[in-house]
Every structure is written in structure tokens, then in C-alpha cells.
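Accompanying notes for the structure given below.
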Amino acid sequence: MSQINVTRSSMPYYEEYCEEIKDLWESRWLTNMGVKHNRLKGELCEYLKVPNTELFCNGHIALYCAIKALRLTGEIITTPFTFASTTNAIVQAGCTPVFCDVADDYTIDTTKIEELITERTSAILAVHVYGNICDVEAIEKIAKKHSLRVIYDAAHAFGVEYRGRGICTYGDISMLSFHATKVFHTIEGGALCYNDASLTPEIVKQRGFGLNGEEIDCFGTNGKMNEFCAAMGLCNLRHIDDEIKSRGEAYELYEKLLSGVNGLTLLPLRDGIKQNFAYYPVLFDKAVFGKSRDEVAALLAENGVVARKYFYPLVSSNKEFSEDLSYLTPRAEEFSKNVLCLPMYAHLGAADIERICKIILE
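The opening residue of the sequence shown carries number 166 in this note's numbering; numbering runs sequentially from there.
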């Protein structure tokens, strides 16, 4: 019995990648915004329908640089139902995360944001989750009312569109992760997308040690993407539509097999979304279904299926905080203890999906 992993990295043809990197042996330009870096930046702007993009070595450094580039201080309202990187970037940039609970669709509950705003609040950092998007209109309205900046952690939202508009055009800056497990990847990598071109010099300085020509303007970091990663991105971008289509076929089969099962709640999507089928989360209600999320995960593992408790535990329980703050967001805590992400990737076979669902349902 073969093991089914929770994800599998998409890869171009071996020969295609070799051909893409071949000229690097002639140019010997391997990093520092080379030809492939700049080509990928341009092609991503077109694909994502965004006016400005800067590439990074990973999504975490990109998010950190976004916070620094906007010169944020004080408190940033965010959600604990996210990967550790989101909170870590806030703290490492010298700000304080203020945790807001989530709504039924796992994204930040916009009805609870305003009660958390204080004189120290400088921004809202919201997270698009599982390919589903935040209530961007409500967040924009709140931000304008209180003169706040908006950053989106869009690590799960590559290629997602909302009412025909690229999701990364919302807010001041959106961060994308190009980690190997994502819908689109550059092995390791990330990007910042934004509308206001005047942000570019500050973002570039933050990414490049704070250097501005021969001057040092700030305490920047090293966040550059190298040419080999950019080459992988160029190859993967050629196939991304087929990859997303294949993910969609897997998603539809899961929906067919698991919809209407008592005790299981599937991902509730916002209307008007063009999906990327990034994840397939299932919320388990033990009282109705008969087994808990953890029991189902253990059963799947016994049968060679690797599922992921994503996101667990909540980042607000980080031991660096003076106390466990997860009690402040009861719905996020409930989801954290009961959501399981099933295997999801391009070319996941129908027989494997049927096997996974059979184990769950029996």
C-alpha cells in the first residue's frame, strides 16, 4: 500500500528546467536580480493582474519587509488562525500582534476588528485561508475609517481572483509564499504585490541590507531570490493553469464524496471567487460524526495517508508570550482543534481520493 502525502510539489519536466538554467553556466549571474529574476517578476505581474511585484527568498522575509517598508509601529490586528510566520514577522519587525477571532470561513472576523483598535493600532494584517479570501471590502472600509494600513498574508491565495480582480491588488501590500508545497512555487521563495509604485524603493532597501546606492538608509535584511529559484518559477508558471485545473478535479471529487455527511463541514467559500484549490480542509464535529479530528488523522495515518492539522496549535499559544492568548479567540481555537486538511495536489488520483474518503466514512 503506497503512502499518500498531504501534498506533493509540482515540477516541470526535467529537460525543461535544465534548458532554463543552461545559460547560467555562461553568464555566471546567479543572484542579485539577474535576468531570470526580472523575467519572473514581469510574468508574475501579468499573471496575477498586479502593477508591482518584488521577489524574495521566502514569504516570511517578504512579510517582514512589508511591515518594515510601511514603517509600522505599535499594534497590528491579525488572526491567530494562520501559520507561525505571520505572527513571527510582526514581532520580529518590532510590533505587537493583537489577535482577532475568525468567522465561519476561517478568515478574520471583520465584525470584531473595530473593538480591538486603539491609539496604538497601525495596521490590519489579515490572512486569506485555504484559498478562501477575507472580506476585503469590509476591511478596506474599516481601514479608511481609522486611517490604518492593510497587509494581506496571501500565502494560500496565488492566482485567486475576486470578481475578476487579482486578489493581490487589495490592501497596501499582499505577501505571497512560493514554498515548494504551494500551488505555485520557486522551490523556496516569495513576493510582495502592491499598487503604489512609490513603495518600491523602500521595499527594495529592506530586502537588500538597507542599501540605497552607496548609502545605508536602514537596517535591512537579505531577502533576495536567486536565479535557480527564479528559473523554477518560470518553468512552473508555464504549467500553472493545468496544475490548478487538476487540483480542481481533485477538489470536485472530494466534494462529491464528502458533501452532506453529518458532522463534516467543508470549506465555505465567498461568492465571486476564482479558486486555486490550494487545500481541502474538513471540520469535524465529534458529537455528530462520532470520531474526533485527531482520531480520524490517526486512522488515516495507520492506512498510509498523511493529513495535516492545519493550523494547530494556534500561534497565539507561542511560549514567548507572557501567557497563552488562545482563549481570546474561541472560534479560532475550536477550528484549530477540529480542522484536518486532506491530501491535495495536482494529479492526485481519483482512486487515492476514494481510498481516503472510504477510510473517513467507514
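In this text, a Cβ means the ideal position worked out from N, Cα and C, and glycines have one as well.
Computed from a predicted model, the values in this text were never measured in an experiment.
The C-alpha of Lys-370 is placed about 37 angstroms away from the C-alpha of Ser-501. The beta-bridge partner set that DSSP reports for Asp-300 is empty. For Arg-314, no alpha helix (DSSP H) encloses it; the enclosing beta strand (DSSP E) starts and ends at 314–318. Annotation for Leu-507: no alpha helix (DSSP H) segment contains it, though the beta strand (DSSP E) segment containing it runs 504–507. Per DSSP, the unbroken beta strand (DSSP E) holding Gly-355 starts and ends at 355–359. A buried status is given to Val-301, since no fewer than 16 other beta-carbon atoms sit within 10 Å of its beta-carbon. In the DSSP assignment, the residues bridged to Gly-373 are Asn-387.
Residues Val-315, Ile-316 and Tyr-317 of the same chain have their beta carbon placed closer than 7 angstroms to that of Gly-336, with the five preceding and five following residues left out of the count.
The C-alpha of Ser-411 is placed about 37 angstroms away from the C-alpha of Ala-234. Ile-289 sits in a strand when the DSSP states are folded into three classes.
The residues Asp-270, Asn-297 and Gln-440, in chain order, have a CB closer than 8 angstroms to that of Leu-434 in the same chain once the five nearest residues on each side in sequence are set aside. Under a 10 Å Cβ-count criterion, Asn-387 is classified as exposed, with fewer than 16 other Cβ atoms of the shown protein chains found around its own Cβ.
Sequence-distant partners of Phe-343 (beyond 5 residues in either direction) whose C-beta falls short of 6 angstroms from its own C-beta, in its chain, are His-350, Thr-351, Gly-354 and Gly-355. Beta-bridge annotation (DSSP): Ile-242 is paired with Val-263 and Ile-289. Taking all protein chains in view, the Cβ of Asp-266 is crowded by 16 or more other Cβ atoms within 10 Å, so the residue is classified as buried. Of the residues assessed, Lys-347 falls on the buried side of the cut-off, its CB having 16 or more other CB atoms within 10 angstroms.
Under DSSP, the beta-bridge partners assigned to Ile-169 are Val-470. DSSP lists no bridge partner for Leu-209.
Using a Cβ distance threshold of 8 angstroms, Ser-287 and Gly-239 count as a contacting pair.
Leu-228 sits away from His-202, with the two beta carbons spaced by 8 angstroms or more. The continuous beta strand (DSSP E) containing Thr-430 extends over residues 429–431.
By the criterion of a C-beta distance shorter than 6 angstroms, Ala-303 is surrounded in its chain by Thr-275, once the five residues flanking it on both sides are discounted. Between Ile-169 and Asp-450, the C-beta gap is not smaller than 8 angstroms, which leaves the two residues out of contact.
For Tyr-212 and His-225, the gap between their C-alpha atoms comes out near 22 angstroms. Val-453: member of the alpha helix (DSSP H) spanning 451–454, first to last residue. Judged by pairs of C-beta atoms under 8 angstroms, the stretch 401–410 does not touch the stretch 491–506, as fewer than three such pairs exist. The residues Cys-260, Ser-287 and Ala-288, in chain order, have a CB closer than 6 angstroms to that of Leu-237 in the same chain once the five nearest residues on each side in sequence are set aside. Membership of Ile-518 in the alpha helix (DSSP H) is indicated by the continuous run 515–526. Counting the other CB atoms within 10 Å of its CB gives Pro-366 a total below 16, which places it among the exposed residues. Across the set Ile-186, Glu-326, Lys-484 and Phe-454, the C-alpha of Glu-326 shows the shortest separation from the C-alpha of Lys-214.
With respect to the 8 angstroms criterion, Met-390 and Phe-442 are not classified as neighbours on the basis of their beta carbons. Rounded to the nearest whole angstrom, the CA to CA distance from Glu-181 to Cys-400 is 7 angstroms. The DSSP-derived three-state label of Glu-219 is strand.
Distance from the CA atom of Asp-382 to the CA atom of Ser-250, rounded to whole angstroms, is 26 angstroms. The three-state reading of DSSP puts Met-340 in strand, counting E and B together. Under the three-state reduction of DSSP, Val-256 is assigned to helix.
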